[in-house]
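Below you'll find the structure, written out as structure tokens, and then a few comments.
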Amino acid sequence: MATEQELSDFLRSVEKRAFKRVVYAVRSDDSALDVVQDAMIKLAENYADRPAAELPLIFQRILSNATMDWFRREKTRGALFSNLSDFDSADPGSDFDLLELLQVAEGSLGAESAADAVSRAQILQIIETEVGGLPARQREAFLLRYWEEFDVAETALVMGCSQGSVKTHCSRAVHALAKSLRAKGITP
Amino acid sequence: MNASQSQPRSHTDPHALEARLALRLVGHLNAQADRLPSDVRERLRFAREQALVRAREVRGAAVSGPVGVSRSGTLLLGSFVPWLQRAASVLPLLLLLGGLLAIQQWSSRERVLAAAEIDSLLLADALPPTAYGDPGFAEFLRSPPQP
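So the sequences go chain by chain: W and L. Residues 5 to 192, numbered by this note's numbering, are exactly what the first sequence covers, in order. Residues 1219 to 1365, numbered by this note's numbering, are exactly what the second sequence covers, in order.
Here you go:
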């Protein structure tokens, strides 16, 4: 059973990422804050007696459900799934070399100019915008797998899909991000 | 053996490449998340505290509460007294239902006994029961006795 301190530490550690994750989906700070608060309270009400190790998985599941509830309330399900047709693309990374992009990025380490430093905030904003522009399921898989550092099985559990789907979503998300950022001249 | 197999695995494995790029992107996202406006951070802190208060309430309700004294001076023994109070509030209803069932049983038994008594009287009487269906006998019963 998680102690109050463990619960507090967990919420503190996850709150910013949770907020950002919901903002990417609902595109509104106020709504995202409401959803995160709702998820936190549901976690506290129903799962505070669970071991601390189980909290991340449960919280992400609650957060996903709370986000879906928000969309249902707002009656904008169509907006949520508007980009699902992107899944049908033949192969988003077929003509794209991730290694080349990584080599460019790593070769530039330590050589950031003053102009680059000034535009860094803008670049971060662009990256964030591109992440927000991913199809919902790709974005969710990408954020859970790499930002929340869940393994494939845990991500599949939170998303309610197969592990194969998680791998596909993650791969497509990374390729889509790399491609769109490279098109903007950004090496992450 | 093809040429690609001679290269280091991390340079050829598409999953490793994806993971490396994803981690770099996530690093940028972390940087952005650390730069949240102060009002958002404050609202997140408030949400966290609300959740902790809620967890405290739930835990307080789940375990026995502390021993205390009510305003009327009654000793409160954690969750024991509320349990007794709930049971006491249900007790009159249970008594009422039990009483109604007992009355129904008693009434039904009385009706059966009365019917049995009538049947036994009819069967034991010298007059056969079919006589009560005879219109002439019914008229005889209705007519006033002759002096």
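Just so it is clear, CB atoms sit at the ideal spot from N, CA and C, and this is done for glycine as well. The structure displayed is predicted, hence computed values, not measured ones.
For the pair Q1323(L) and L1314(L), the Cα-to-Cα distance works out to about 14 Å. Closest in C-alpha terms to L59(W), from the list E152(W), R143(W), S123(W), comes E152(W). Judged by DSSP in its simplified three-state form, G1351(L) adopts helix.
Residue-level contact by beta carbon holds for A52(W) and chain L, with a gap shorter than 8 Å.
Of the residues assessed, I45(W) falls on the buried side of the cut-off, its CB having 16 or more other CB atoms within 10 angstroms. By the CB criterion at 8 Å, A52(W) and V1276(L) fall inside the cutoff. Inclusion of S166(W) and A157(W) in the CB contact set at 8 Å is not warranted, their separation being larger than that value. About 29 Å separates the Cβ atoms of R76(W) and A6(W), ruling out a contact at the 8 Å cut-off. Taking each of A1334(L), Y1350(L), A1269(L) in turn and checking the Cα distance to F63(W), the smallest one comes out for A1269(L). Taking the Cα of D33(W) as reference, the smallest distance to any Cα among Q9(W), E8(W), T71(W), E10(W) is reached at T71(W).
Taking 8 Å as the CB threshold, Q41(W) lines the interface with chain L. When secondary structure is reduced to three states using DSSP, S68(W) falls in the helix class. DSSP, reduced to helix, strand and coil, places K20(W) within a helical segment of the structure shown. With a minimum length of 3 residues, there is no unbroken run of beta strand (DSSP E) contained wholly in the stretch 39–67 of chain W. DSSP places R1242(L) inside the alpha helix (DSSP H), whose first and last residues are 1232–1251. Contact check for E132(W) against S68(W) fails: the beta carbons are separated by 8 Å or more.
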